[in-house]
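Have a look at the structure below before the remarks.
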Amino acid sequence: MVNLTELNEILKQIKILLLDVDGVLTDGSIIYNDQGIETKVFNAKDGLGIQLLMEAGIKVGIVTGRRSEVLVNRCNDLGIKYLFDNVKDKGAMLELISSKTGIAPENTAFMGDDLIDLPLMMKVGFSVAVADAAEPVKSRASYISSVKGGRGAVREVCEMILKAQGLWENILKRFSR
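The opening position of the sequence shown corresponds to residue 76 in this note's numbering, with each subsequent residue numbered one higher.
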């Protein structure tokens with residue numbers, strides 16, 4: 076974990092936020108109906124945070140071990156262009172993501188919750204574990220969110236980045252008219 080001064084300096088340099096899905100954008104539940112169709116529950120506040128981050132020029136991407144149409148639909152809804160799904164080795168994805176986006180690993184943040192996320196978390200400039208992440212993930216994170224995955228943890232980090240980069244006050248003004 077880093078102290079507050081270091082945290083702000085790191086967040087000022089973030090140009091892309093990468094997110095795991097199950098346990099980060101959702102509470103980790105995977106629901107199948109009687110027809111075998113998968114459903115996920117996403118947090119609207121997380122969605123707005125993602126949109127505000129992208130509107131401010133900070134890219135957002137998804138790196139997940141599973142493939143689902145529900146996720147594809149959510150990414151389309153939010154305008155997330157960087158979707159890497161069915162990923163077995165998340166750590167190996169960083170080079171591809173850096174080449175596609177032109178963003179260096181030290182300017183990359185990643186938010187995860189479980190062991191599969193560790194290889195990518197260990198390679199980025201800023202790693203976040205959600206409050207209910209597995210202990211080995213929390214112990215290696217730069218920051219631990221104050222709330223659980225699927226409950227606004229992504230929004231918390233989006234706001235932190237926007238505040239550190241001096242963009243938050245203008246966003247508040249836009250919504251305060």
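Positions of the beta carbon are idealized from the N, C-alpha and C atoms, including for glycine.
Between the alpha carbons of N108 and T114 lies a gap of roughly 8 Å. Contiguous beta strand (DSSP E) elements confined to the segment 155-227 occur at 157-159, 183-187 and 201-204, taking only those with 3 or more residues.
Distance from the CA atom of P180 to the CA atom of E234, rounded to whole angstroms, is 21 Å.
About 7 Å separates the beta carbons of M186 and V205, which is inside the 8 Å limit, making them a contact pair.
A Cβ-Cβ separation of about 7 Å places L169 in contact with V199 under the 8 Å criterion. Bridge pairing for G136: L93 and Y157 [DSSP].
Spatial neighbours of Y218 in its own chain (CB-CB distance under 6 Å, excluding positions within 5 residues in sequence) are listed in chain order as V203. In the structure shown, I105 falls within a coil segment according to DSSP collapsed to helix, strand and coil. Here I191 really is in contact with G140; their C-beta atoms are around 5 Å apart, less than 8 Å. Partner residues in a beta bridge of T80, as assigned by DSSP, do not exist.
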